[in-house]
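**Student:**
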Amino acid sequence: MKEVIVEHLSCDVLVVGSGAAGLRAAISVREKGLEVCVISKRTPGKGTSTILSGGVFAGVREGASPDNHLKRTLQAGRGINQRGLVEILVEEGPMRLRELVEWGIKAEFKYGYLYSNGRPPFWGEEIVRCLVRKNKALGVRLMGGLLVTDLKMRQGTAGAVAYSAPSGNWFAISAKAVILATGGAAALYLRHDNPKSMLGDGYALALNAGATLQDMEFVQFYPLGLARSGLPRFLIPPRLADLGRLFNSHGEEILKKYEIYDRPAAERARDQLSQALFTEVHRNGEEVWLDLRTVAEEVWCADPLSASTRDILGERYGLMHRVGRVAPMAHHVMGGVCIDSQGATSVAGLFAAGEVTGGLHGANRMGGNALTETVVFGTRAGEAAAAWAKGRDKSKVDEPFGDLDQPPLEQQQSKAKSNPAQFIERLRQILWEQGGILRNLQGLTRALDEVNEIQEEALNLPLGGEPRQVVRTLELRSGAQTAGLILQAALKRQESRGAHFREDFPDQDDKDWRGHLQVRLSRKGERIWAFQPI
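Numbering that gives the first Met the number 0 puts the first residue of the sequence shown at 0, with every later residue one more than the last.
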């Protein structure tokens with residue numbers, strides 16, 4: 000039997016996740032004079048969706064009315080955005096982005112957007128660098144290599160159980176408030192552009208802690224991702240679908256074949272184009288190609304993202320002189336933890352910000368809003384958590400949590416032959432084929448049954464032995480739970496809306512389905528679903 004080592008930490012506010020939302024939240028907490036600790040699975044700032052993003056913030060056109068930003072966001076959300084959250088995003092976005100510039104971020108304003116000057120393809124690297132630098136200057140404690148497995152929310156105090164991959168030790172962390180900023184779950188799909196560890200940890204943590212989630216059926220896919228074997232997961236800017244030539248193995252023009260007339264197609268008809276490409280590649284067994292050789296130079300120079308994309312496609316991948324194979328990729332989860340305007344969840348002392356939350360984007364997300372969301376609602380969640388923590392009695396935090404003194408699950412050495420990494424790959428295959436771009440009753444039902452079996456199998460895998468194996472087992476458990484939420488929500492929503500497309504219910508039904516599917520756990524751990532109409 001391996002010796003169990005438990006280390007103890009204490010702080011005023013614990014932030015779980017070190018992407019832009021978590022780092023911005025920590026700044027707000029620290030500016031209020033409180034002790035804050037940011038923990039993450041990887042080195043703080045690394046392995047996050049922020050660093051792999053396009054580095055583009057929406058809604059910053061100087062002197063312009065925010066009405067257009069509001070209108071476009073609501074249109075993308077297909078009528079189920081939480082309007083109050085959208086109004087906050089639109090109103091406070093410019094101020095938060097100017098703040099980043101004041102802190103020294105290398106970026107430029109253009110066409111109503113802020114483009115960070117990160118090193119391609121890591122455009123978001125500059126965002127993270129700026130925020131980490133600010134955190135360190137304020138004295139925020141940043142800790143990497145910690146995977147949170149459980150949140151403990153109790154009568155005015157809060158805490159977490161975490162596993163340290165580097166040491167193999169467990170951590171018991173006591174706090175007055177917790178901010179969840181763990182990102183999304185697009186890496187649960189076979190084809191995605193997220194960090195591989197983005198497996199939905201935060202959704203499982205929040206649900207198990209008693210929080211309510213919503214809109215988990217809405218997963219955004221981008222139509223144009225590199226698909227040639229050996230090339231990395233790289234998204235091509237959507238507007239290039241119109242400017243280049245998109246065709247299948249027989250030379251058929253994709254936009255014409257599927258009667259996609261809205262322009263720019265990959266922005267205004269992003270879901271329709273993703274469905275078309277998925278049908279060609281995964282249903283018909285075709286290959287789809289994108290020819291960019293005729294795109295004019297002025298197009299590539301239109302904005303920093305296009306210019307750096309040209310450099311990558313040409314110099315690194317050689318796609319400026321020949322056609323490239325493309326297919327859709329999972330990119331963003333619109334659903335997540337229900338929050339109010341301050342980032343507070345339904346659990347006292349638990350706050351959330353960023354992609355782990357739901358409600359802002361509705362059924363689909365307008366490009367550029369994800370990064371703006373991180374700094375706007377990261378700020379608000381940090382301020383609210385700090386206010387909550389200041390109202391708590393410090394002595395309560397110092398009291399032991401009892402069961403936090405011991406790790407939550409078995410610690411025996413494992414000789415099990417089951418490999419959690421193989422189960423994770425199976426989850427990705429299932430979601431991609433049945434719970435992704437095209438969905439139907441038969442496929443979703445079959446997928447949910449198999450995911451439930453995997454989740455049961457995951458709970459039987461022991462937590463012992465090699466730390467890397469322990470981490471994969473823990474990720475499998477949360478990933479299987481999140482996959483089940485996505486599938487079950489998709490099965491319950493009997494209509495098509497935004498990124499959610501049901502082949503057996505192809506129309507949007509505002510009469511019966513304009514609203515949010517919400518889920519929470521009963522005291523017995525059973526999922527309780529409810530529909531909240533708008």
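Beta carbons are placed, not taken as given, at the ideal position from N, Cα and C, and that holds for glycine.
1) Exposed or buried, Gly390, counting other C-beta atoms within 10 Å across all chains shown (16 or more means buried)?
2) Any contact of the segment 206–225 with the segment 325–335, i.e. 3+ C-beta pairs under 8 angstroms?
3) Comparing alpha-carbon positions, which option in Thr42, Asp149, Val470 and Thr308 lies nearest Trp122?
4) Mark Leu534 as exposed unless 16 or more other C-beta atoms lie within 10 angstroms of its C-beta, in which case mark it buried.
5) Rounded to the nearest angstrom, what separates Gly524 and Asn207 at their Cα positions?
6) Looking only at its chain, what residues have a beta carbon closer than 6 angstroms to the beta carbon of Val542, apart from the 5 residues adjacent to it on each side?
7) Exposed or buried, what is Arg501 when buried is set at 16 or more other beta-carbons lying within 10 Å of its beta-carbon?
8) Per DSSP, Ala157 forms a beta bridge with which residues?
9) Which residue from Asp149, Phe422, Glu494 and Ser495 puts its Cα closest to that of Leu460?
10) Would you kindly work out how many angstroms separate the C-alpha atoms of Ala415 and Ser163, rounded to a whole number?
11) Sorted by chain position, which residues of the same chain lie with C-beta nearer than 7 angstroms to Met197's C-beta, five sequence neighbours on each side aside?
12) Please state whether DSSP places Glu6 in a helix, a strand or coil.
13) Tell me the DSSP secondary structure of Met328 in three-state form.
14) Give the secondary structure of Val518 by DSSP, where H, G and I count as helix, E and B as strand, and everything else as coil.
15) If you run the structure through DSSP and keep just helix, strand and coil, what is Ser142?
16) Short of 6 angstroms in beta carbon distance, which residues of its chain neighbour Met328, apart from the five on each side in sequence? Order them along the chain.
17) Just curious, the alpha helix (DSSP H) that Tyr202 is in, first and last residue?
18) With C-beta atoms as the reference, is Leu96 less than 9 angstroms away from Thr371?
19) Where do the N-terminal and C-terminal ends of the alpha helix (DSSP H) with Ala489 fall, by residue?
20) Taking only three categories from DSSP, how would you classify Gly381?
21) Check each candidate in Asn451, Leu473, Asn439 and Gly478 and name the one with the smallest Cα separation from Ala489.
22) For Ile79, which of helix, strand or coil comes out of DSSP?
23) Are Gly434 and Ala446 closer than 9 angstroms when you measure CB to CB?
24) Give the straight-line distance between the Cα atoms of Ser17 and Ala295, rounded to the nearest whole angstrom.
25) Can you give, in chain order, each stretch of the alpha helix (DSSP H) that sits fully within the segment 241–326 and has at least 4 residues?
26) Which of helix, strand or coil does DSSP assign to Ser52?
27) Since I believe Ala352 is in contact with Gly377 (beta carbons under 8 angstroms), could you give me their beta-carbon distance rounded to a whole number of angstroms?
28) Hey, would you say Ala498 sits closer than 9 angstroms to Leu430, going by beta carbons?
29) Consult DSSP for Pro236 and reduce its assignment to one of helix, strand or coil.
**Tutor:** Put simply:
1) For this step, residue 390 is matched to residue 391 along the sequence shown. Of the other Cβ atoms in all chains shown, fewer than 16 fall within 10 Å of the Cβ of Gly390; this residue is therefore exposed.
2) yes
3) The residue labelled residue 122 in the question sits at position 123 within the sequence shown. For the residues Thr42, Asp149, Val470 and Thr308, the minimum Cα distance to Trp122 belongs to Thr308.
4) Summary: the structure shown does not reach residue 534, with the chain confined to residues 0 through 533, and so no result is reported for it.
5) Translated into the one-based positions of the sequence shown, residue 524 becomes position 525. Translated into the one-based positions of the sequence shown, residue 207 becomes position 208. Rounded to whole angstroms, Gly524 to Asn207 spans 8 angstroms at the Cα level.
6) This structure cannot settle anything about residue 542, because the visible part of the chain is limited to 0 through 533.
7) In the sequence shown, residue 501 corresponds to position 502, counting from 1. With 16 or more Cβ atoms within 10 Å of its Cβ, Arg501 is classed as buried.
8) Indexing the sequence shown from 1 puts residue 157 at position 158. According to DSSP, Ala157 bridges with Met152 and Ala174.
9) Here residue 460 refers to the residue found at position 461 of the sequence shown. Comparing alpha-carbon positions, the option among Asp149, Phe422, Glu494 and Ser495 lying closest to Leu460 turns out to be Phe422.
10) For the purposes of this step, residue 415 is taken as the residue at position 416 of the sequence shown. For the purposes of this step, residue 163 is taken as the residue at position 164 of the sequence shown. Its pLDDT being 49, under 50, Ala415 is placed unreliably in this model, and the coordinates cannot settle the point.
11) Counting from 1 along the sequence shown, the entry for residue 197 is found at position 198. Hits under 7 angstroms: Ser48, Gly182, Gly183, Ala184, Ala185 and Ala186.
12) The residue you call residue 6 lines up with position 7 of the sequence shown. Looking at Glu6 - three-state DSSP - the assignment turns out to be strand.
13) Here residue 328 corresponds to residue number 329 of the sequence shown, with the count starting at 1. If DSSP states are grouped into helix, strand and coil, Met328 belongs with the strands.
14) Indexing the sequence shown from 1 puts residue 518 at position 519. If DSSP states are grouped into helix, strand and coil, Val518 belongs with the strands.
15) Here residue 142 is taken as the residue at index 143 of the sequence shown, counted from 1. The question names Ser, but residue 142 is Met in the sequence shown. Residue state, collapsed to three classes: strand.
16) Position 329 of the sequence shown holds residue 328. Here the set comprises Arg190, His191, Asp192, Tyr221 and Gly224.
17) Position 203 of the sequence shown, counted from the first residue, corresponds to residue 202. Counting along the chain, the alpha helix (DSSP H) containing Tyr202 begins and ends at Asp200 to Asn207.
18) Numbered from its first residue, the sequence shown carries residue 96 at position 97. Numbered from its first residue, the sequence shown carries residue 371 at position 372. Contact: yes.
19) In the sequence shown, residue 489 corresponds to position 490, counting from 1. Per DSSP, Ala489 belongs to the alpha helix (DSSP H) from Pro466 to Lys491.
20) Translated into the one-based positions of the sequence shown, residue 381 becomes position 382. DSSP places Gly381 in helix when its eight states are reduced to three.
21) Taking the first residue of the sequence shown as 1, we reach residue 489 at position 490. The candidate whose alpha carbon is nearest that of Ala489 is Asn439.
22) As a working note, residue 79 is residue 80 in the sequence shown. Ile79: coil per DSSP, three-state reduction.
23) Here residue 434 is taken as the residue at index 435 of the sequence shown, counted from 1. Here residue 446 is taken as the residue at index 447 of the sequence shown, counted from 1. Closer than 9 angstroms, so yes.
24) As a working note, residue 17 is residue 18 in the sequence shown. As a working note, residue 295 is residue 296 in the sequence shown. Approximately 39 angstroms between the Cα atoms of the pair.
25) 253–256, 264–267, 269–277, 296–299 and 303–310
26) Counted from its first residue, the sequence shown places residue 52 at position 53. Three-state DSSP puts Ser52 in coil, outside helix and strand.
27) Translated into the one-based positions of the sequence shown, residue 377 becomes position 378. Translated into the one-based positions of the sequence shown, residue 352 becomes position 353. Contact flag correct, Cβ pair sits at about 5 angstroms.
28) Here residue 498 refers to the residue found at position 499 of the sequence shown. Here residue 430 refers to the residue found at position 431 of the sequence shown. Cβ atoms of Ala498 and Leu430: not closer than 9 angstroms.
29) Locating residue 236 in the sequence shown gives position 237, where the first residue counts as 1. Residue state, collapsed to three classes: coil.
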